[in-house]
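Contents: one structure, followed by commentary.
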Amino acid sequence: MSEAAFFISSSMMQFSGIACLFIGVLMYLCRDLEIAQAKKFLLASGVMLVILDIITIRDELKAMEIFPNDPAMHTPLPAIAIFLLLTIYALYVALTEKE
Numbered sequence: 071m072s073e074a075a076f077f078i079s080s081s082m083m084q085f086s087g088i089a090c091l092f093i094g095v096l097m098y099l100c101r102d103l104e105i106a107q108a109k110k111f112l113l114a115s116g117v118m119l120v121i122l123d124i125i126t127i128r129d130e131l132k133a134m135e136i137f138p139n140d141p142a143m144h145t146p147l148p149a150i151a152i153f154l155l156l157t158i159y160a161l162y163v164a165l166t167e168k169e
């Protein structure tokens, strides 16, 4: 990998990490919202997490095809599973919780 490619990929990974941290802190800080507002926030978060899950799985399938013997290019499967569970839980609570 060239130095430029390494720099770009490390910058993208740092941005992704900061974005995930931002989302986590934002969701934590919204824990004291009223029920109606919390349901709207969870529904919006769940929809965005679905998009994130789709992109993550798509990229993982591409990485498995292009780099089958390079585990550094793959997203860890437990991370994908955790994001899927968080997505399902957020949508479940947003759509079914009464109070």
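According to the numbering used here, the sequence shown is numbered sequentially starting from 71. Just so you know, even glycine gets a beta-carbon here, dropped at the ideal spot from N, CA and C. Quick caveat: nothing in here was measured; it's all calculated off a predicted structure.
Excluding sequence positions up to five before and after V120, its CB lies within less than 7 Å of the CB of T157, all in the same chain and listed in chain order. Rounded to whole angstroms, the gap between the alpha carbons of V163 and L113 is 8 Å. Annotation: P141 to I93 spans about 27 Å, alpha carbon to alpha carbon.
If you check the CB distance, C100 and A106 do not come in under 8 Å.
In the structure shown, the three-state DSSP call for P146 is coil. DSSP places R101 outside any alpha helix (DSSP H), giving it a letter other than H or E.
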